[in-house]
Amino acid sequence: MKTSFIPIDYDYFDWQGKNYIIMIGRDDKGKRICVIDTCDIYLWAILNSKIKELKIKELQEKIEKIKLDIKGRKTRVEKVELHDKNFLGEKVKAFKVYATNYKDLHDIADKLGMKEIEKRRGYDLGFVTHNILEKKIIPLNWYEIEGKLLNNSEDFGGIDMAYDVDLCIKLEKSKQIEEKNFKPKILAYDIECDEFKIGEGEILMISLVGENFKKVITWKEQGKKYPNVEMVKDEAELIEKFVEYVRKNSPDFLVGYFSDGFDLPYIKARSEKHQIKLSLGLDDSQPTFSRGIMLTGKIKGIVHIDLLKFIRTAYSQYMQSETLSLNEVAKEFIGDEKKDFKFKHSSKINEDEWEKYFEYNLHDSILTYGLFEKMWPDIVGFTKVMQEPVFDVSRNGMSKNVESYIIHNLEKYNEIPEKRPTHEEISERKQKEKYEGAFVLEPIPGLYEDLAMFDFASSYGSVVVSYNLSKSTLLEKPSKDSYSIEISSKKVYFSKKIGFVPEILKEIINKRKLFKKEFKESEKEDVIKRARSNAYKLLANAYYGYQGFFGARYYSYEAAAATAAFARKSIKEVIEKINKGGYKTIYSDTDSISFLLNGKTESETLKFLENLNKNLPGIMELELEGFFKRGLWITTRAGTAGAKKKYALIDKKGKVKIRGFETVRRDWCKLARTTQNKIIRLILEHGSEEKSMEYAKEIIKKLKSREIPKEDLIIRTQLKKPISEYKSISPHVIAAKKMQEQKIPIDQIGLIEYYIAETPGAKTKLIRDKVKLPDEKGEYNIEYYLNNQILPAIENIFQVFGINAKELVDGKKQMTLGEF
DNA sequence: ATATACACGGATCCCCTATTTCC
DNA sequence: GGAAATAGGGGATCCGTGTA
Numbered sequence: 019m020k021t022s023f024i025p026i027d028y029d030y031f032d033w034q035g036k037n038y039i040i041m042i043g044r045d046d047k048g049k050r051i052c053v054i055d056t057c058d059i060y061l062w063a064i065l066n067s068k069i070k071e072l073k074i075k076e077l078q079e080k081i082e083k084i085k086l087d088i089k090g091r092k093t094r095v096e097k098v099e100l101h102d103k104n105f106l107g108e109k110v111k112a113f114k115v116y117a118t119n120y121k122d123l124h125d126i127a128d129k130l131g132m133k134e135i136e137k138r139r140g141y142d143l144g145f146v147t148h149n150i151l152e153k154k155i156i157p158l159n160w161y162e163i164e165g166k167l168l169n170n171s172e173d174f175g176g177i178d179m180a181y182d183v184d185l186c187i188k189l190e191k192s193k194q195i196e197e198k199n200f201k202p203k204i205l206a207y208d209i210e211c212d213e214f215k216i217g218e219g220e221i222l223m224i225s226l227v228g229e230n231f232k233k234v235i236t237w238k239e240q241g242k243k244y245p246n247v248e249m250v251k252d253e254a255e256l257i258e259k260f261v262e263y264v265r266k267n268s269p270d271f272l273v274g275y276f277s278d279g280f281d282l283p284y285i286k287a288r289s290e291k292h293q294i295k296l297s298l299g300l301d302d303s304q305p306t307f308s309r310g311i312m313l314t315g316k317i318k319g320i321v322h323i324d325l326l327k328f329i330r331t332a333y334s335q336y337m338q339s340e341t342l343s344l345n346e347v348a349k350e351f352i353g354d355e356k357k358d359f360k361f362k363h364s365s366k367i368n369e370d371e372w373e374k375y376f377e378y379n380l381h382d383s384i385l386t387y388g389l390f391e392k393m394w395p396d397i398v399g400f401t402k403v404m405q406e407p408v409f410d411v412s413r414n415g416m417s418k419n420v421e422s423y424i425i426h427n428l429e430k431y432n433e434i435p436e437k438r439p440t441h442e443e444i445s446e447r448k449q450k451e452k453y454e455g456a457f458v459l460e461p462i463p464g465l466y467e468d469l470a471m472f473d474f475a476s477s478y479g480s481v482v483v484s485y486n487l488s489k490s491t492l493l494e495k496p497s498k499d500s501y502s503i504e505i506s507s508k509k510v511y512f513s514k515k516i517g518f519v520p521e522i523l524k525e526i527i528n529k530r531k532l533f534k535k536e537f538k539e540s541e542k543e544d545v546i547k548r549a550r551s552n553a554y555k556l557l558a559n560a561y562y563g564y565q566g567f568f569g570a571r572y573y574s575y576e577a578a579a580a581t582a583a584f585a586r587k588s589i590k591e592v593i594e595k596i597n598k599g600g601y602k603t604i605y606s607d608t609d610s611i612s613f614l615l616n617g618k619t620e621s622e623t624l625k626f627l628e629n630l631n632k633n634l635p636g637i638m639e640l641e642l643e644g645f646f647k648r649g650l651w652i653t654t655r656a657g658t659a660g661a662k663k664k665y666a667l668i669d670k671k672g673k674v675k676i677r678g679f680e681t682v683r684r685d686w687c688k689l690a691r692t693t694q695n696k697i698i699r700l701i702l703e704h705g706s707e708e709k710s711m712e713y714a715k716e717i718i719k720k721l722k723s724r725e726i727p728k729e730d731l732i733i734r735t736q737l738k739k740p741i742s743e744y745k746s747i748s749p750h751v752i753a754a755k756k757m758q759e760q761k762i763p764i765d766q767i768g769l770i771e772y773y774i775a776e777t778p779g780a781k782t783k784l785i786r787d788k789v790k791l792p793d794e795k796g797e798y799n800i801e802y803y804l805n806n807q808i809l810p811a812i813e814n815i816f817q818v819f820g821i822n823a824k825e826l827v828d829g830k831k832q833m834t835l836g837e838f
């Protein structure tokens with residue numbers, strides 16, 4: 019039997035004591051194929067360098083005789099081979115110790131505690147990863163496979179009959195082939211319930227959306243007919259219907275939004291209550307959930323995707339949306355939003371409101387479906403780059419992705435993989451003192467004309483590569499021919515012989531450059547190339563964080579601290595050169611520098627940049643971020659110091675770039691934000707403050723005469739932990755308490771909305787005593803919004819021009835008094 | 001459990017001192 | 001007149017949210 023094959027989902031099973039991998043995928047005709055395979059199972063025992071030849075042989079024989087009896091299952095070491103390998107860049111001799119079952123490796127490792135064996139490695143990767151490493155059948159790549167067709171076969175306990183697939187093949191040969199077109203079958207789903215707590219309420223409806231498939235299943239509001247709505251008799255039947263439709267559609271991907279934490283566990287809990295088997299898996303198995311705080315729901319053969327998780331790692335840092343709610347994310351990515359429906363308990367929904375509810379439910383699945391389609395190229399890109407199954411890649415954070423990438427690229431360096439840190443190691447690492455981070459230059463407040471901004475491309479990444487900073491290149495003793503730098507008054511040294519970790523990163527940066535160039539030069543927009551370029555970009559950026567992350571296999575405090583130190587040194591040197599070159603630096607943060615052109619032309623400045631680059635070490639490179647017509651820096655709220663991480667720029671085309679100001683902060687009311695934004699824009703456009711002052715006066719007047727709609731005064735703050743854990747009872751905590759009392763559900767993100775009201779007769783002057791929920795009756799507190807929202811947002815901007823905004827606020831008050 | 005440090009600023013917390021209240 | 005209650009100032013801390 020020979021066929022094409024694209025693996026999508028990976029799982030494993032035991033048969034007669036041996037591990038087998040099971041890959042579910044498609045052929046180029048769209049047939050669903052199940053492929054069974056296995057590989058050598060082994061761990062590495064690294065030998066002490068002082069061990070004698072003779073002793074090695076003896077030890078090998080001893081290990082070969084190891085027998086295990088685990089919970090009544092008898093097994094043994096199959097064979098032992100001696101190999102020349104590298105571990106953390108050092109040449110080592112290591113035994114490759116073979117076993118029958120991956121699960122036994124741990125127990126075998128425990129028996130290898132002899133003093134001649136220095137380290138035991140490679141038994142904590144997981145069988146799926148191990149198999150991908152061994153057999154190189156990488157998710158979402160195309161293969162031509164050959165093997166035995168299993169048809170009503172007894173092999174593997176009749177697995178071909180258990181799985182609902184078109185073909186089941188025991189793999190014998192495989193080779194990677196050219197990319198073929200693959201359009202995944204997608205089914206998006208969403209549920210609506212009365213209670214937000216998992217399983218506490220009833221599921222009212224479930225919507226499902228696939229290609230040419232739209233359905234809402236419900237047991238509420240029977241009797242009437244609605245488009246796309248199918249009525250069933252009760253909740254139990256609703257769940258059964260859901261299972262039936264998933265099975266009928268037989269998707270490759272079942273996609274939800276926050277479905278790991280809500281929809282799937284909810285359905286599971288309700289099905290348990292009704293004692294219904296939730297046979298969603300291709301082998302009729304039920305979804306399983308990983309333990310731990312963050313749930314993940316897995317369905318055999320169908321990849322369950324929680325899009326929220328992928329968005330969080332892959333996009334959130336570059337997104338405009340203030341929250342990752344389905345509504346905002348859909349708006350940003352596909353220009354569509356949720357249907358309007360005000361959440362109510364089902365008992366309070368009028369007959370004529372149900373149709374809206376059904377539409378709302380269906381539309382959520384439509385949005386989820388649309389988002390998945392939009393993100394599919396990136397999901398493919400990530401999966402192929404990290405070489406891990408889609409299920410994992412779509413959920414993993416960037417540190418895990420970095421690690422996957424390293425693990426799957428060790429072979430070139432003949433490296434044995436490092437182990438995961440133990441709990442003790444993790445707590446030790448966590449206790450380490452924080453090292454000094456980025457350098458931020460205090461700006462000189464003011465409004466400036468004609469500026470340029472330079473920044474380092476992949477700053478920290480290029481530092482790691484240029485100075486060879488990693489766990490394996492850190493030298494124990496000072497050495498002359500090495501890179502050295504001081505971290506917290508201690509000198510550290512790194513070898514100049516390039517380590518495999520910096521080399522892998524160098525490759526990432528190079529590939530990123532290559533793919534970026536490729537997709538920019540491609541005639542029509544090539545989403546796949548763009549996605550791959552993006553995956554490498556994110557990897558390069560996450561690399562530095564990974565080295566400093568306590569859970570990392572290749573953690574290195576010294577390398578991380580040295581990276582920050584070298585970066586500080588580099589940027590300070592560049593600032594000096596810029597100032598010596600006749601420019602004037604205004605501000606700098608981490609890897610970017612803004613400076614005044616001081617009458618120099620743009621082409622002169624570009625030439626200057628070229629020269630700067632000639633003298634930078636290694637692969638470090640400065641880029642032009644842009645030329646700007648004007649720029650604004652202000653003081654901190656407290657004093658005369660220039661405020662860091664806050665500035666606004668306008669370019670020649672009038673495009674404004676605002677960083678750090680209240681304008682971009684979601685915990686300020688809309689009025690303060692839009693007012694500040696407008697004022698900044700007016701100042702940048704006109705180069706003076708008159709127009710913006712007029713505008714400010716007008717807003718203040720409107721606020722005082724209560725002309726501002728309440729929605730512009732709503733303050734949004736995220737509740738980040740359970741109410742009881744707050745030591746400091748701030749306004750948003752009070753608002754959350756009120757919501758709890760009034761049984762208003764707090765959304766999944768925990769965004770709390772409130773406004774500050776006039777509360778005559780209030781005893782204290784605490785803001786929290788004036789908190790009211792948006793729906794609560796009351797008048798907004800003029801004093802508060804003037805002094806705590808508008809004034810702080812504009813005061814320091816006007817201070818640049820020597821204007822006291824406080825007088826603007828108060829002075830206006832007298833005038834309005836005069837008007838009456 | 002799941003990348004890092006730096007930074008701002010509101011609001012509360014908490015301690016101290018001064019003032020007011022009460023007997 | 002002296003003790004207790006209250007008010008207010010100011011630094012420390014908590015908290016959320018940004019920049020890079």
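Residue numbers 19 to 838, in the working numbering, belong to the letters of the first sequence in order. Where is the CB? At the ideal position from N, CA and C, for every residue including glycine. Keep in mind that this is a model prediction, so the values were computed, not measured.
Is residue i near residue j, with beta carbons less than 9 Å apart?
{"i": "ALA577", "j": "LEU492", "result": "yes"}
{"i": "ILE24", "j": "PHE145", "result": "no"}
{"i": "LEU380", "j": "LYS242", "result": "no"}
{"i": "PHE626", "j": "SER706", "result": "no"}
{"i": "ILE821", "j": "MET711", "result": "yes"}
Starting from residue i and walking both ways along the beta strand (DSSP E), at which residues does that stretch end?
{"i": "TRP33", "result": "20–33"}
{"i": "ASP607", "result": "602–607"}
{"i": "HIS322", "result": "321–324"}
{"i": "SER612", "result": "610–614"}
{"i": "GLN760", "result": "First-last for GLN760: undefined, no H or E at that position."}
{"i": "TYR798", "result": "Run containing TYR798: none; DSSP gives neither H nor E here."}
{"i": "LEU667", "result": "665–668"}
Buried or exposed: which applies to residue i, given that a residue is buried once 16 or more other Cβ atoms fall within 10 Å of its Cβ?
{"i": "ARG50", "result": "buried"}
{"i": "MET393", "result": "buried"}
{"i": "ASN368", "result": "exposed"}
{"i": "PHE400", "result": "buried"}
{"i": "PHE361", "result": "exposed"}
{"i": "THR236", "result": "buried"}
{"i": "PHE336", "result": "Per the sequence shown, residue 336 should be read as Tyr rather than Phe. The residue is exposed, with fewer than 16 neighbouring Cβ atoms inside 10 Å."}
{"i": "ASP828", "result": "exposed"}
{"i": "PRO749", "result": "buried"}
{"i": "ASN199", "result": "exposed"}
{"i": "SER225", "result": "buried"}
DSSP has residue i in a bridge; who is on the other side?
{"i": "HIS101", "result": "ALA112"}
{"i": "GLY43", "result": "PRO25 and ILE51"}
{"i": "GLN736", "result": "LEU769"}
By the DSSP assignment, the alpha helix (DSSP H) with residue i in it spans what residues?
{"i": "LYS349", "result": "344–352"}
{"i": "ARG94", "result": "Note, ARG94: premise wrong, no alpha helix (DSSP H); beta strand (DSSP E) at 91–94."}
{"i": "ALA583", "result": "575–598"}
{"i": "LEU809", "result": "809–817"}
{"i": "LYS85", "result": "Per DSSP, LYS85 belongs to no alpha helix (DSSP H); it is in the beta strand (DSSP E), 85–88."}
Say the cut is 8 Å; is the CB of residue i nearer than that to a heavy atom of the ligand HEM?
{"i": "SER417", "result": "This structure lacks the ligand HEM, and indeed carries no ligand of any kind."}
Which runs of the alpha helix (DSSP H) at least 4 residues long sit entirely within the region 157–206? Give them in chain order.
177–180
Unbroken stretches of the alpha helix (DSSP H), 4 residues or longer, contained in the region 281–318
281–291
Whole beta strand (DSSP E) runs in the region 463–530 with 3 or more residues, listed along the chain?
464–474, 500–505 and 508–513
Extract the residue ranges of the alpha helix (DSSP H) inside the region 388–459, only unbroken runs of 4 or more that lie entirely within it.
Listed in chain order, they are 408–411, 416–425 and 441–449.
My parser needs the beta strand (DSSP E) runs of 3 or more residues fully inside the region 622–663; what are they?
Runs of beta strand (DSSP E) with 3 or more residues, each lying fully within the region 622–663, are found at 640–651, listed in chain order.
For the region 196–275, list the alpha helix (DSSP H) runs that are entirely contained and at least 4 residues long, ordered along the chain.
253–267
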